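One structure is given here, and the rest of the page talks about it.
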Amino acid sequence: MFLKFIEDVKRALKDYGDEKFIKESEHADLCTTIAFKLAKEMGKSPDEVASEIAENIEMTDYISSVHVVNGYVNFFASDEFLNDTMEVILSQDENYGNVNLKGEILVEHTSANPDGPLHIGHVRNAVIGDTLARILRKAGYDVRTHYYVNDMGRQAAVTVLGYELFGLSDKKPDHAVADSYIKANVELEKNPELEKKVEELMLKYEQGDAEIEKKFKFVIGKGLEGIRQTLKRMNVEHDEFVWESEFVKNGYVEKILKMLDEKQKVEKDGAWIIRLEGFEKEVVLKRENGTTLYITRDLAYHMWKNEKFKSFVNVLGADHKLYAAQLSKLLEILNLKPPEVVIFEFVSLPEGKMSTRKGRFVSADELIDKVKEEAKKILANREMDEKKKDEIAESVAIAAIRFDFVKVAPEKHMFFDWNQALDFERQTASYIQYAHARACSILRRAVDSGMPEIEFNAEMCNKEERKLVMLLSKFPYWIYKASKDLRPHYIAEYLLSVAGAFNDFYRLHPVLKSESAERMHRLAIVDATRIVLRNGLELLGIKPLEKM
RNA sequence: GGGCCCGUGGCUCAGCCAGGACAGAGCGACGGCCUUCUAAGCCGUAGAUCGCGGGUUCAAAUCCCGCCGGGUCCGCCA
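Our numbering numbers the first residue of the first sequence as -18 and each following residue consecutively.
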């Protein structure tokens, strides 16, 4: 709805309606700073210019008034806008937020090597990717999500070697795989002869040796099985798990090599090497022993993506930046569309960078379990059966973790700290969940008291109510922005502000105790807030609890 | 060494892309609020040379240049 208000303001400003200068403001519902820009060339003061612009404004239904202050032209939304906003929210209900963007998008995210459990760095990837997918879907896109399974290459071979040497314990499968993988790496350092064994595994797998293939599928499958359990627990959904070996089997890798060979100078003395303009580092497509590299298979995967999708997004860690640039460059050479890349910075531990290989990481499972335990402490003396408590604690824990990761801009480096992760005083997700539960509680009581009727009336709005409804009108606007910029943390910030505004309203204006018309009016606001918070939390993959 | 990212109260962050009205939150600190719709909440107080130095501009946390600090990449790894 807010997008419509922006349109109205643009129309009202006519020639001065340049979107670049129209901004949100604490002093008005919208303002334009265009007078500052024009003042100089017109040889007048910003205030004079702003006044002239204001005088020539063509009022529209959604604008109630226009004021000039210090060179700003301030716009205020009309009661009609508020009424329409509320009507849209209440009637669209679970669909509120859709901004009718069209098209198909593939989001590839997480894609962690199945050589061990997801650690908190992967969690950041999964949370950003999954939230992004949800936001894009909400915006109207037809979204598919992929997890690209690295079952080839050296890491995978070492994983299989670990299994051959040490077997798998009966731990959760991804943790069992990690144990053997870590041991195999230690073994490799001690005994470089084993390197030959790794190479042999890689070679045989790529050549399609049936016996070896069974082993790869089994071990990688085990790792993936554990990872999928964790993802499910975190509400992270993937439509497909695409195994990279598929692209060797279906001939796409062969095709990509041929195409590159035709388009580009490929050095083939031994390994296949391409030198790319603008890149210091060359790209190796094939090893001397004939096996392909990750980038070769990934190029094939992206050729496949090009065939199936109009646009695709990859969520990648910052360490993949150079890699992603080279991949895109190669795709461009082949006249294929490169992916849009969302880069997120590292999550590091006090003791440094995480490494599955070295066994230095905090696993997602451990994090969830510990946060859940903390949440249970808060619930300890509530009157509630144990099963319900467990359910709420699980949900609150997932919410806290997802929110903690999603609220930070992706380019920000994060330092993981147990004290912070377990401190519920600073868990802003539960703050939002709590506001939602409160709204639900009021509505529940309204129904119980036999007076559930709701009817919004903009004329009755006090300051806090008006502010809240204006904020609610911005939900689709933020979904639009987050979709365009591929920045999911906008939604986290937005929901925080809605919860805050709702708390202000809650404190000052009793709902159930007020008289008929006012009661119905406020109940409508509570219901609309509930809808926005619920839809918003679902975007973040957080379960909107009705009681907590 | 070169490329990219980050640097905002004691701590964690938003704001930076499209420069404008007093730099916003949360945690922590201090002082308050549960016979009133869920206190996982709310109110108040203290706390900021927006890393440093230049520049552009009527106006810079925001744009440009240089520097400093942190991270990361520069594998026939993924």
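We put the beta carbon where it would ideally sit given N, CA and C, even for glycine. Quick caveat, the model's predicted, so the values are computed rather than measured.
From Asp533 to His48, what distance separates their C-alpha atoms? This structure gives no information on residue 533, because the portion of the chain shown stretches from -18 to 529.
Exposure label - Lys289; buried when at least 16 CB within 10 Å: Locating residue 289 in the first sequence gives position 308, where the first residue counts as 1. That one is exposed.
Between Glu313 and the rest of its own chain, which residues show a CB-CB distance below 7 Å, the 5 nearest in sequence each way excluded? Within the first sequence, numbered from 1, the residue matching residue 313 stands at position 332. The residues are Pro319.
Selection from Tyr144, Pro391, Arg383 that minimises the alpha carbon distance to Ala410: Walking along the first sequence from the start, residue 410 turns up at place 429. For Ala410, the nearest C-alpha among the options comes from Arg383.
Run the CB neighbour count on Gly232, radius 10 Å, all protein chains shown included, and call it buried at 16 or more, exposed below. Within the first sequence, numbered from 1, the residue matching residue 232 stands at position 251. So Gly232 counts as exposed.
Hey, Leu175 and Glu168: beta-carbon distance below 8 Å or not? Taking the first sequence and counting its residues from 1, the one referred to as residue 175 is at position 194. Taking the first sequence and counting its residues from 1, the one referred to as residue 168 is at position 187. For Leu175 and Glu168, yes; Cβs fall inside 8 Å.
Out of curiosity, what's the CA-to-CA distance linking Leu317 and Asn287? If you number the first sequence from 1, residue 317 lands on position 336. If you number the first sequence from 1, residue 287 lands on position 306. Rounded to whole angstroms, Leu317 to Asn287 spans 7 Å at the Cα level.
Between which residues of its own chain and Ala534 is the CB-CB distance below 6 Å, once the five residues before and five after are set aside? Look at the range of the chain in this structure, -18 to 529, and you will see that residue 534 is not part of it.
Between Gly102 and Val158, which are expected to be in contact by the criterion C-beta below 8 Å, what is the C-beta distance as a whole number of angstroms? On the first sequence, residue 102 is found 121 positions in, with the first residue counted as 1. On the first sequence, residue 158 is found 177 positions in, with the first residue counted as 1. With a Cβ gap of about 17 Å, Gly102 and Val158 do not count as contacting.
Count the CB pairs spanning the stretch 326 to 335 and the stretch 80 to 87 that are closer than 8 Å, and state whether there are at least three. no
Quick one: is Ala361 buried, meaning 16 or more other Cβ sit within 10 Å of its Cβ, or exposed? On the first sequence, residue 361 is found 380 positions in, with the first residue counted as 1. When all chains shown are included, Ala361 counts as exposed.
Taking the beta carbon of Gly110 as the centre, do at least 16 other beta carbons fall within 10 Å, making it buried, or is it exposed? Along the first sequence, one-based indexing puts residue 110 at 129. When all chains shown are included, Gly110 counts as buried.
How many angstroms separate the CA atom of Lys25 from the CA atom of Val50? Position 44 of the first sequence holds residue 25. Position 69 of the first sequence holds residue 50. The straight-line gap from Cα to Cα measures roughly 15 Å.
For the beta strand (DSSP E) that contains Ser46, what are its first and last residues? Position 65 of the first sequence, counted from the start, is the residue given in the question as residue 46. Where Ser46 is concerned, the enclosing beta strand (DSSP E) stretches over 44 to 50.
Give me, in chain order, the residues of the same chain whose beta-carbon lies closer than 6 Å to that of Met183; leave out the 5 immediate sequence neighbours on both sides. The sequence position of residue 183 within the first sequence is 202, counting from 1. Only Ala138, Thr272 meet the Cβ criterion.
Specify the secondary structure class of Ala509 as computed by DSSP and reduced to three states. The residue given as residue 509 occupies position 528 in the first sequence. Looking at Ala509 - three-state DSSP - the assignment turns out to be helix.
What is the residue span of the alpha helix (DSSP H) that Gly202 lies within? As a working mapping, residue 202 is identified with position 221 in the first sequence. 191 to 214 is the extent of the alpha helix (DSSP H) around Gly202.
Which residues DSSP lists as bridging Ala58, in chain order: Along the first sequence, one-based indexing puts residue 58 at 77. In the DSSP output, where bridge partners are listed per residue, Ala58 has Ile44.
Hey, could you find the ends of the alpha helix (DSSP H) Asn172 is sitting in? The count along the first sequence starts at 1 and reaches residue 172 at position 191. Unbroken run through Asn172: none, as it is neither H nor E.
Is Leu520 near Arg115, with beta carbons less than 8 Å apart? Residue numbering aside, residue 520 sits at position 539 when the first sequence is read from its first letter. Residue numbering aside, residue 115 sits at position 134 when the first sequence is read from its first letter. It is a contact, given that the beta carbons lie within the stated cut-off.
For Ile12, the first and last residue of its enclosing beta strand (DSSP E): In the first sequence, residue 12 corresponds to position 31, counting from 1. It should be noted that the sequence gives Cys, not Ile, for residue 12. Where Cys12 is concerned, the enclosing beta strand (DSSP E) stretches over 11 to 13.
Ser127, DSSP secondary structure in three states: Residue mapping note: residue 127 aligns to position 146 of the first sequence, counting from 1. According to the sequence as given, residue 127 is His; it is not Ser. Here His127 sits in strand by DSSP.
Counted within 10 angstroms of its Cβ, other Cβ atoms place Leu297 as buried (16 or more) or exposed: What you label residue 297 is simply residue 316 of the first sequence in a count that begins at 1. By the neighbour-count rule (16 or more Cβ atoms within 10 Å), Leu297 is buried.
I'd like the list of long-range same chain contacts for Thr112, defined as Cβ closer than 8 Å, with 5 residues on each side in sequence excluded. The residue you call residue 112 lines up with position 131 of the first sequence. Excluding sequence neighbours, Thr112 sits near Arg383, Val387, Pro469, Ile472, Leu520, Leu521, Gly522.
According to DSSP, Val323 sits in a beta bridge with which residue or residues? As a working mapping, residue 323 is identified with position 342 in the first sequence. Val323 is bridged to Val296.
Give a yes or no on contact between the stretch 199 to 219 and the stretch 238 to 247, applying the rule of three or more CB pairs nearer than 8 Å. no
First through last residue of the alpha helix (DSSP H) which encompasses Val450: Residue 450 sits at position 469 when you count from the first residue of the first sequence. Per DSSP, Val450 belongs to the alpha helix (DSSP H) from 444 to 454.
Taking 8 Å as the threshold (C-beta atoms), are Asp74 and Ile512 in contact? The count along the first sequence starts at 1 and reaches residue 512 at position 531. The count along the first sequence starts at 1 and reaches residue 74 at position 93. Their beta carbons are under 8 Å apart, which means Ile512 touches Asp74 by this criterion.
Determine whether the beta carbon atoms of Ser45 and Asp60 lie at a separation below 8 Å. Here the question's residue 45 lines up with position 64 in the first sequence. Here the question's residue 60 lines up with position 79 in the first sequence. Yes, these two residues count as a Cβ contact at 8 Å.
Taking 8 Å as the threshold (C-beta atoms), are Thr91 and Glu218 in contact? Looking up residue 218 in the first sequence gives position 237. Looking up residue 91 in the first sequence gives position 110. No, the pair does not count as a contact, with Cβ atoms beyond the cut-off.
Beta-bridge pairing of Val80 - partner residues as DSSP gives them: Sequence index remark: in the first sequence, residue 80 carries index 99 (1-based). Partner(s): none; Val80 has no beta bridge.
For Leu212 and Glu321, believed in contact at Cβ under 8 Å, the rounded distance: Residue 321 sits at position 340 when you count from the first residue of the first sequence. Residue 212 sits at position 231 when you count from the first residue of the first sequence. The Cβ separation is near 23 Å, so there is no contact.
Taking C-alpha atoms, which residue in Val450, Leu518, Glu496, Pro491 lies nearest to Ala418? As a first step, residue 418 must be located in the first sequence, where it is residue number 437. Nearest option by C-alpha distance: Leu518.
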